[in-house]
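Line by line, the protein sequences are chains A and B. Residue 2 is where the first sequence starts when you use my numbering, and the numbers rise one by one after that. Residue 464 is where the second sequence starts when you use my numbering, and the numbers rise one by one after that.
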Amino acid sequence: MEQRTVVVAMSGGVDSSLAAALLVEQGHRVIGITMKTFCYSETAAPTKTCCGLDGIMDARRVADTLGIPHYVFDMEEAFTADVIDDFVAEYAAGRTPNPCVRCNSNTKIPDLLRRARKFGADTIATGHYARVIDGRLARGLDASKDQSYFLWGVPRELLKHIVFPVGELTKPEVRERARRLALATADKPESQEICFVPTGDYTEFLAKRLGAEHPSLQPGRMVTPAGAVVGEHGGYARYTVGQRRGLGGGYREPLYVLEVRPNSNEVVVGTEHDLYRGEVRIGGLNWLDTPPSVGDELLVQLRYRAPAVACTVRGFEDDSVSLELATPQRAVTPGQSGVLYRGELVVGGGRIL
Amino acid sequence: MEAVYLDHAATTPVRPAVLDAMRTVLTEQFGNPSSVHRWGREARTLLETARERVAQAVGADRREIVFTSGGTEADNLAVLGRARAVRATGGRDVVAVSAVEHKAVLGAAEAVADEGGLVILLSTDEQGRVDLASLEQALQERPAVVSVQWANNETGVLQPIESIAGLCRAAGVPLHSDAVQAMGRVPVRVDQVPVDLVAISGHKLGAPKGIGALYVRSGVELVPLTHGGGQERGLRPGTENIAAIVGLGVAVEEAMAARDREYNRLAGLRDELQAALVADIPGLSVNSGEADRLPNILNISLADVEQDALMVSLDLEGIAVSSGSACQSGAVEPSHVLVAMGRAHEGAAALRISLGWTTTGEEIARVKAALPGIVQRVREFA
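Rendered as structure tokens:
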């Protein structure tokens with residue numbers, strides 16, 4: 002890669018820290034940016050994830066170690082509109098959102114790139130485990146850490162302006178190199194939670210945003226697919242497909258959430274066997290490579306860290322694609338991402354309908 | 464690429480004479496002024512000489528100067544110290560502060576409110592000058608103290624301090640003025656203007672950070688913020704920071720000696736820069752440009768410019784200026800001063816360019832040459 006001016010989105014975690022370090026090693030002019038995406042005082046435990054105030058301070062320390070300038074951008078307004086509002090609306094609609102996908106698709110990559118161009122940078126880098134090969138998005142080399150699943154929504158024309166420096170490395174290699182460079186974040190634990198819900202209790206967050214009186218948080222009936230009432234639920238927004246419901250009265254097998262029905266305020270439960278689906282429809286599509294045709298065989302990944310499974314394209318309708326799965330999949334969850342692959346390359350993706 | 468430092472209202476380099484004086488204190492004249500021996504007496508002399516210098520500069524008596532850790536502490540001692548003093552005698556702990564005060568004053572006023580007191584915010588006109596009618600109304604509440612800055616730290620606008628002081632004096636209400644920016648730039652004289660409390664800061668004058676002073680007119684009662692030995696007439700206990708105090712004395716004296724010459728030099732450079740930028744950058748407006756200002760501050764608003772991107776561009780060009788104010792995270796927040804003036808416009812950026820004793824014509828020329836192009840590029844990628 003020729004020498005470029007690269008803006009690195011530094012969250013204060015080890016991956017983006019090393020991404021910045023690698024770009025410096027490669028001789029680029031590197032500028033670190035930490036995006037302030039939500040108000041820290043609103044969250045009870047801001048230190049738990051890498052996006053908190055401590056994350057900003059850690060990113061700054063790493064930037065100082067690397068001798069690169071570092072700035073904090075207040076992107077709270079855009080993040081709230083693009084990510085948090087969508088997150089809340091999806092749960093209110095009975096679906097299970099991927100906020101990180103929304104953030105990458107709107108805030109972290111396009112909005113940051115737009116700002117970077119204003120000060121003469123035309124490339125942005127993040128700490129994702131993914132690769133861009135000949136203008137196409139590909140899985141990161143470390144299969145256990147691959148994050149291409151979260152990147153399907155990035156506008157295709159931006160791929161040539163993005164680099165993922167740690168995509169060629171494994172996580173242990175990233176830590177090892179960060180340690181060798183004495184980066185302050187080398188041994189920082191990974192964040193598991195959604196950055197704006199550091200406590201991990203998203204229903205508490207929903208109650209704050211929607212109000213405790215919102216219909217999605219009111220008790221309702223828990224029913225079987227045949228319509229038999231088997232109990233009560235405490236608000237459908239608290240449930241996600243595949244979640245285990247424990248032993249219901251008279252049921253030998255454990256019950257799982259099969260479906261969330263916001264209109265009738267019902268949560269449908271059934272046996273584990275009922276969770277398997279042989280087809281899936283994905284909407285709100287974004288293509289990162291040549292779109293497939295009906296009858297094409299591809300791979301589809303329906304959950305982060307789930308293996309991709311073979312599928313056949315059965316048809317297109319409006320902005321959605323129907324896929325037949327070679328083997329039925331457990332807990333196909335509306336709102337989660339469905340990402341299509343050809344081998345290691347991401348073809349495109351959308352939201353599971 | 465030569466770096467350009469035009470953020471002297473944030474802080475300014477220590478003057479060589481200040482450093483020399485401080486080095487001698489730190490290494491040779493290291494005594495504690497409370498000690499009875501020779502070293503102590505020497506330190507006491509240094510302390511009182513510096514106090515005399517500061518007192519003379521503002522037209523006060525030596526005994527009316529209290530050294531503090533800086534402007535913030537001086538403002539807190541004045542505002543909070545007055546509110547507590549009035550509360551202690553059973554009076555109403557009301558304080559009236561202008562909406563464009565420095566955070567040091569606004570924060571102290573918030574603390575008064577937290578302690579159960581009442582805060583009245585004085586409004587300003589579009590130039591950022593305190594509205595005298597709103598002051599007159601506030602004075603009817605008989606506040607423990609009124610606090611209005613001598614000059615604003617963001618726009619440089621000079622407050623109508625004589626009129627404000629006259630109204631307060633007539634109402635029998637003590638007036639505090641934060642003169643951190645004004646000191647050394649324009650006359651700050653307590654023998655000419657009837658103010659009762661005045662805060663100054665060392666590091667805006669060429670002394671180090673961590674030293675400031677509060678002028679307390681004889682007879683004005685304050686409750687101290689900290690407690691301990693009886694130093695500084697009990698208002699600021701703790702062993703005196705002699706080296707920094709000596710530095711402040713030297714800095715004040717140097718700034719006073721050069722004040723009128725520097726006023727003309729900096730106002731000339733500032734006006735030259737302002738005229739060039741107004742001519743070369745469309746959509747630029749000067750904040751407080753219609754009012755009397757400090758000679759060294761130029762505050763501009765730029766329509767359709769993203770603040771973050773502008774600040775980064777300037778920093779990458781080696782040009783150090785300032786925007787509104789940075790929050791704890793370092794993210795740029797809209798300036799409360801421009802908000803109060805009704806001049807914080809959606810989608811506009813604000814820049815404070817502030818000159819100081821090291822500023823040269825070459826630095827001004829660099830900004831004149833660079834800024835129009837930077838603004839154009841930031842606007843291009845909308």
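Heads up, the beta-carbon is just placed ideally off N, CA and C, and yes, glycines get one too.
Please state whether the Cβ-Cβ distance between arginine 278(A) and glutamine 330(A) is less than 8 Å. yes
From what residue to what residue does the alpha helix (DSSP H) around arginine 180(A) run? 172-181
Name the chain D residues whose beta carbon is nearer than 7 Å to that of aspartate 778(B)? In summary, chain D is missing from the structure at hand, where the protein chains are A and B.
With a 10 Å radius around its C-beta and 16 neighbouring C-beta atoms as the bar for buried, classify lysine 161(A) as buried or exposed. exposed
Taking only beta-carbon positions, decide if phenylalanine 74(A) is within less than 8 Å of chain B. yes
Candidates Val301(A), Val314(A) and Arg306(A), of which the one nearest serine 294(A) by Cα: Val314(A)
Give the straight-line distance between the Cα atoms of aspartate 123(A) and glutamate 191(A), rounded to the nearest whole angstrom. 29 Å
Could you please give me the residues that DSSP links to histidine 71(A) through a beta bridge? Gly33(A)
Verify whether the separation of the beta carbon atoms of methionine 11(A) and alanine 21(A) is less than 8 Å. yes
Phenylalanine 530(B) and glutamate 695(B) - do their beta-carbons sit closer together than 8 Å? yes
Are there 16 or more other CB atoms within 10 angstroms of the CB of glycine 154(A), so buried, or fewer, so exposed? buried
Compute the beta-carbon to beta-carbon distance between leucine 736(B) and isoleucine 827(B), rounded to the nearest angstrom, for a pair I have assumed lies under 8 Å. 5 Å
Contact check, glutamine 590(B) vs valine 620(B) under 8 Å by CB: the rounded distance? 6 Å
With C-beta atoms as the reference, is glycine 580(B) less than 8 Å away from alanine 546(B)? yes
For a cutoff of 8 Å on Cβ pairs, would you count lysine 189(A) as touching chain B? no
DSSP has tryptophan 288(A) in a bridge; who is on the other side? Gly349(A)
Around the Cβ of glutamine 839(B), are there at least 16 other Cβ atoms within 10 angstroms (buried) or fewer (exposed)? exposed
Of all the beta strand (DSSP E) runs that stay within the bounds of the region 683-765 of chain B, which reach a length of 3 or more residues? 747-749 and 760-765
With DSSP as the reference, identify every bridge partner of alanine 676(B), one or two as the case may be. Phe530(B) and Ile663(B)
Determine the closest residue to phenylalanine 74(A) out of Glu174(A), Arg116(A), Arg132(A) and Cys312(A), with distance taken between C-alpha atoms. Arg116(A)
What does the Cβ neighbour count give for leucine 729(B), buried or exposed, with the cut at 16 atoms within 10 Å? buried
Using a 10 Å radius around the Cβ and a threshold of 16 neighbouring Cβ atoms, would you call leucine 248(A) buried or exposed? Model confidence at leucine 248(A) stands at a pLDDT of 48, short of 50, so the residue's coordinates are unreliable; what they give is reported in the following sentence. Classification of leucine 248(A): exposed, given that the 10 Å Cβ count is below 16.
Using a Cβ-Cβ cut-off of less than 9 Å, give me the residues of the region 727-744 of chain B that come near chain A, in sequence order. none
Provide the residue(s) that pair with isoleucine 283(A) in DSSP beta bridges, ordered along the chain. Val322(A) and Ile353(A)
Give me the chain A residues within the contact set of aspartate 771(B), using Cβ-Cβ distance strictly less than 8 Å, ordered along the chain. Tyr72, Phe74, Asp75 and Arg116
Please give the ranges of any alpha helix (DSSP H) in the region 492-578 of chain B, keeping only runs that are unbroken, at least 4 residues long and fully inside the region. 501-521, 534-551 and 566-577
Using a Cβ cut-off of 8 Å (strictly closer), state whether phenylalanine 317(A) contacts chain B. no
Do you know how far the Cα of glycine 128(A) is from the Cα of arginine 222(A)? 44 Å
Would arginine 555(B) pass as an interface residue toward chain A - the criterion being a Cβ-Cβ separation below 8 Å? no
Which chain A residues are close to valine 795(B), counting only those with a beta carbon under 7 Å from its beta carbon? Asp75
For proline 479(B), the three-state DSSP class (helix, strand or coil): helix
Please report the residue range of the alpha helix (DSSP H) in which threonine 204(A) lies. 203-211
Cutting at 6 Å between CB atoms, please list the residues of its own chain near arginine 516(B), excluding the five before and the five after it. Gly712, Val715 and Glu716
What residue does the beta strand (DSSP E) around isoleucine 110(A) start on, and which one ends it? Element bounds for isoleucine 110(A): n/a, residue is neither H nor E.
Need the endpoints of the beta strand (DSSP E) that glutamine 600(B) sits in, please. Premise fails: glutamine 600(B) lies in the alpha helix (DSSP H), 595-602, not in any beta strand (DSSP E).
Which same chain residues, not among the five before or five after asparagine 748(B), have their C-beta less than 6 Å away from its C-beta? Per the sequence shown, residue 748(B) should be read as serine rather than asparagine. Same-chain partners within the cutoff: Ser764.
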